[in-house]
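Structure representation (structure tokens):
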């Protein structure tokens with residue numbers, strides 16, 4: 001774990017406005033509420049829905065991400081073909097496997113496991129996505145290099161949370177995610193998670 005990463009995370013946290021602090025702390029609890037409602041609608045387990053959202057998340061705006069997962073859950077539960085989703089083919093197949101039972105999310109990539117646990121309420125789970133890497137490296141890079149790098153960056157978030165007195169490393173990651181996206185750290189894109197919803201998107205998702 002690098003002290004520079006911890007310092008960079010703390011610096012981004014200190015940039016967050018009061019509204020961004022509130023939004024970050026509510027991000028995963030809100031995601032958990034959405035997952036519970038969509039799982040009930042589709043007739044699947046909440047953990048399956050959360051894991052599917054995690055698998056379908058790469059390069060997929062949030063409103064589209066959860067709508068895709070809901071469509072996957074419904075199709076799998078009712079014997080329909082795998083739907084199209086706005087992400088990579090391997091991620092689509094992985095999410096489908098979570099619903100059909102051919103894939104166990106607990107054996108998936110570190111990010112999928114962390115995202116699933118974070119949505120499920122684990123305050124120690126840190127999702128090291130593109131924005132988490134940008135924050136920790138002050139925009140110098142955006143991808144984890146390997147599992148060791150992932151684990152070291154996740155631990156940097158936990159250490160930053162300890163130093164800040166923020167009870168949840170999960171929520172700290174969400175806070176700096178909101179802050180960094182708003183200012184477009186290391187990217188020309190801002191606020192992509194607010195993309196227009198797909199046609200037919202559930203009100204709870206939008």
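Numbering (my numbering), first residue to last: 1 to 206. C-beta atoms are modelled at their ideal positions from N, C-alpha and C, and glycine is treated no differently. Model, not experiment: these values are computed from the prediction.
Taking a 10 Å sphere around the C-beta of residue 106, we find fewer than 16 other C-beta atoms and assign the residue as exposed. Within 10 angstroms of the beta-carbon of residue 50 lie 16 or more other beta-carbons, which makes it buried. Under the 10 Å beta carbon count, residue 73 is surrounded by 16 or more other beta carbons and is classified as buried. Across the structure, residue 160 and residue 125 are spaced so that their CA atoms are roughly 14 Å apart. Inclusion of residue 115 and residue 127 in the CB contact set at 8 Å is warranted, their separation being smaller than that value.
Under the three-state reduction of DSSP output, residue 78 falls in the coil class, being neither helix nor strand.
In this structure, 118 is the residue among 135, 182, 118 and 36 with its C-alpha nearest to the C-alpha of residue 170. Here the alpha carbon of residue 34 sits roughly 20 Å from the alpha carbon of residue 168.
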